[in-house]
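Undergrad: Numbering (our numbering), first residue to last: 442 to 691. The C-beta atom is built at its ideal place from N, Cα and C for all residues, glycine as well.
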């Protein structure tokens, strides 16, 4: 492991998130402590309603924790303006949400170097290329793209902001198997080439095995298992972990 990869970039300490009001409130996230290191891959798995997406949304302040602390680069994430934090901790959703218009228009919207001519264009082309799309896509209307191409544009739009962490919430669940595997390979390449920390919510243990890295297993908002993906999925230590792998928890 390189020095950069051993650096903790994002950390949650005792974070909980309540949803609902008063007596009807429940803990969607329950006292999770975990450290994410620079340039590594993390999978978050668990049955439906486990709190996977709820936990992910805390990491770039789409939601705030009810309890606990989150640090990005050693500072409280609340000390960052939300816009700045979300540039550094980008997010990709299950269904790519793109603005009407061209691919270029979508990339320009998030570009931090607007109005700088050729330099701005170079930034857009570089991000598009890293997402696996050529310059011929710049003038295409997003409505005419396949779902896989739309997801790549969504990735490129985040890359324009030069993030250090990439959050992905079920990024392949709407795609056919071939497109899904290509997006998985894209994520692995970006993590390696750009030293991006990638944190992926997935309902599919096989996808987690393919992605490798570390895996967090959540059940009813609690962190039940964590560590090397092979260990968590091949030889879980807890009863709940074994039940999940045996598909007794869905």
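For the alpha helix (DSSP H) that contains residue 551, what are its first and last residues?
TA: Your numbering for residue 551 matches position 110 in the chain shown. Taken as a continuous stretch (DSSP letters only), the alpha helix (DSSP H) holding residue 551 covers 544 to 551.
Undergrad: Does the beta-carbon distance from residue 470 to residue 457 come in below 8 angstroms?
TA: In the chain shown, counting from the first residue as 1, residue 470 sits at position 29. In the chain shown, counting from the first residue as 1, residue 457 sits at position 16. Cβ distance < 8 angstroms, so residue 470 and residue 457 count as in contact.
Undergrad: Taking the alpha carbon of residue 541 as the reference point, which residue from 485, 533, 550, 534 has its own alpha carbon closest?
TA: One-based indexing of the chain shown puts residue 541 at position 100. Residue 550 is the option with its Cα nearest to residue 541.
Undergrad: Counting along the chain, where does the beta strand (DSSP E) carrying residue 660 start and finish?
TA: In the chain shown, the residue the question calls residue 660 occupies position 219. Unbroken beta strand (DSSP E) run through residue 660: 655 to 660.
Undergrad: With residue 509 as the anchor, note down where its beta strand (DSSP E) starts and where it stops.
TA: Along the chain shown, read from residue 1 onward, the residue named residue 509 stands at position 68. Run containing residue 509: 508 to 513, per the beta strand (DSSP E) assignment.
Undergrad: Run through DSSP, which three-state label would residue 461 get?
TA: For the purposes of this step, residue 461 is taken as residue 20 along the chain shown, with counting starting at 1. Three-state DSSP puts residue 461 in coil, outside helix and strand.
Undergrad: Name the two residues that bound the continuous alpha helix (DSSP H) containing residue 629.
TA: Along the chain shown, one-based indexing puts residue 629 at 188. Segment 618 to 635, the alpha helix (DSSP H) holding residue 629.
Undergrad: Look at the alpha carbon of residue 641 and the alpha carbon of residue 658, and state the distance between them as a whole number of angstroms.
TA: Within the chain shown, the letter at position 200 stands for residue 641. Within the chain shown, the letter at position 217 stands for residue 658. For residue 641 and residue 658, the distance between alpha carbons rounds to 12 angstroms.
Undergrad: Per DSSP, what kind of secondary structure is residue 603 in: helix, strand or coil?
TA: For the purposes of this step, residue 603 is taken as residue 162 along the chain shown, with counting starting at 1. Note: residue 603 maps to coil in three-state DSSP.
Undergrad: Is it the case that the Cβ atoms of residue 599 and residue 539 are separated by a distance below 8 angstroms?
TA: Stepping through the chain shown from its first residue, residue 599 is reached at position 158. Stepping through the chain shown from its first residue, residue 539 is reached at position 98. Against a cut-off of 8 angstroms, the Cβ pair of residue 539 and residue 599 comes out as no contact.
Undergrad: Here's the rule: buried if 16 or more other CB atoms are within 10 angstroms of the residue's CB, otherwise exposed. What is residue 479?
TA: If you number the chain shown from 1, residue 479 lands on position 38. That one is buried.
Undergrad: Please classify residue 557 as buried or exposed, where buried requires at least 16 other C-beta atoms within 10 Å of its C-beta.
TA: Here residue 557 refers to the residue found at position 116 when the chain shown is read from its first residue. With a pLDDT of 47 at residue 557, under the threshold of 50, the modelled position of that residue is not reliable, and no figure is offered here.
Undergrad: Say whether chain B places a C-beta atom closer than 8 angstroms to the C-beta of residue 522.
TA: The structure shown contains no chain B, having only a single protein chain.
Undergrad: Going by DSSP, what residues sit across from residue 639 in a beta bridge?
TA: Position 198 of the chain shown, counted from the first residue, corresponds to residue 639. Paired residues: 482, 607.
Undergrad: Using the Cβ count rule (16 or more neighbours within 10 Å means buried), how would you classify residue 474?
TA: Within the chain shown, residue 474 is the residue found at index 33, counting from 1. Under this definition residue 474 is an exposed residue.
Undergrad: According to DSSP, is residue 451 part of a helix, a strand, or is it coil?
TA: Here the question's residue 451 lines up with position 10 in the chain shown. Residue 451: strand per DSSP, three-state reduction.
Undergrad: For my contact list, residue 518 and residue 512 are in at a C-beta cut-off of 8 angstroms; report their separation, rounded to the angstrom.
TA: As a first step, residue 518 must be located in the chain shown, where it is residue number 77. As a first step, residue 512 must be located in the chain shown, where it is residue number 71. About 7 angstroms; that satisfies the 8 angstroms criterion.
Undergrad: Report all residues from its chain with a CB closer than 8 angstroms to the CB of residue 604; omit the five preceding and five following residues, and keep chain order.
TA: For the purposes of this step, residue 604 is taken as residue 163 along the chain shown, with counting starting at 1. Correct list, in chain order: 528, 529, 530, 531, 637.
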